[in-house]
Ligand SMILES: [Fe+2]
Ligand SMILES: [Fe+2]
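In my numbering, the protein residues as written are 804 to 1080.
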């Protein structure tokens, strides 16, 4: 279920929570910047948490915040499935819109369902785009799980849209990152960072510190991650947690023996539930 809510008068978020067994709930966010030339950032996941088609749910939420026909830009931060779920449906309903993304994202999409090349606008990290009342600048975030990732900084709202970076696995939904206890937020952010960016364990400390500093120097008022509730004036805290990720315990998923144990446990619970009815 995708639900819309307002972050600021000119930014809306469309959120779905996706359960990951054993790890927690992952928020999956897309954003609408109601600029003079309106922009949608990412397009949700193709499936909802129960395996159903999420496109209609995403489109219903999107239509509540903007007429898709008014969209001028669709920014794809990268071609992972949780970011490109409804992009073709939106292209159909937003005939004026162009997809702002990188050459690599276009390439990755081409092995799934190609983007129409006459609807694409290529923008590399460091380059900017004018939305009429503000400039957005493409920025590679300090952590990411795909080489094509490009977040963006919005000069008017002073918001860094960070894609997968700063995401967190949570115990349940929250309206704002500040509503989550400090301990839960740090643990959820570190778990996500080790799952999403395992290469952080091999990174050179000085190089990583420099990329964290790049975000610090931007002094964003707000960080809007694809996988975290909106975070206002929390930049130092989020950066401080991410700085711990290289030394955090590396993530290792369950192996076959652990899976079989979980299945047996589930079967046992199901059997006990049936007996008690
Ligand atoms: Fe990703
Ligand atoms: Fe993602």
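C-beta atoms are modelled at their ideal positions from N, C-alpha and C, and glycine is treated no differently.
Report whether the distance from the Cβ of residue 946 to the nearest heavy atom of ligand 2 is below 6 Å.
Outside the cutoff, so no.
Just the C-alpha distance for residue 944 and residue 963, rounded to the nearest angstrom, thanks.
If you take the alpha carbons of residue 944 and residue 963, they lie about 9 Å apart.
Looking at residue 810 and residue 864, is the spacing between their C-beta atoms short of 7 Å?
No; because the gap between Cβ atoms is not below 7 Å, this pair is not in contact.
Leaving out five residues before and five after residue 1022 in sequence, what residues of the same chain have Cβ atoms less than 8 Å from its Cβ?
Closer than 8 Å at Cβ, skipping near neighbours: 961, 1038.
By Cβ distance, which residues of its chain are closer than 7 Å to residue 980, with the 5 residues on each side in sequence left out?
If we look at residue 980 and ignore the five residues flanking it on each side, its Cβ neighbours are 988, 1031, 1032, 1033, 1034, 1037.
May I have the straight-line CA-CA distance separating residue 971 from residue 908, to the nearest angstrom?
In a straight line, the C-alpha of residue 971 is about 24 Å away from that of residue 908.
Can you tell me whether residue 1080 is helix, strand or coil according to DSSP?
No answer about residue 1080 holds up, because its pLDDT of 49 lies below 50 and its placement is not dependable.
Whether or not the segment 879-891 and the segment 833-845 are in contact is what I'm after, with contact meaning three or more pairs of Cβ atoms, one per stretch, closer than 8 Å; do they touch?
Yes, they touch.
Would you call the CB atoms of residue 839 and residue 935 closer than 7 Å?
For residue 839 and residue 935, yes; Cβs fall inside 7 Å.
Smallest Cα separation from residue 969: which of 951, 950, 957, 998?
When each option's Cα is compared against that of residue 969, the closest is 998.
Apart from the five residues just before and just after residue 827, which ones in its own chain have a Cβ nearer than 8 Å to its Cβ?
The answer, listed in chain order, is 972, 973, 974, 991, 994.
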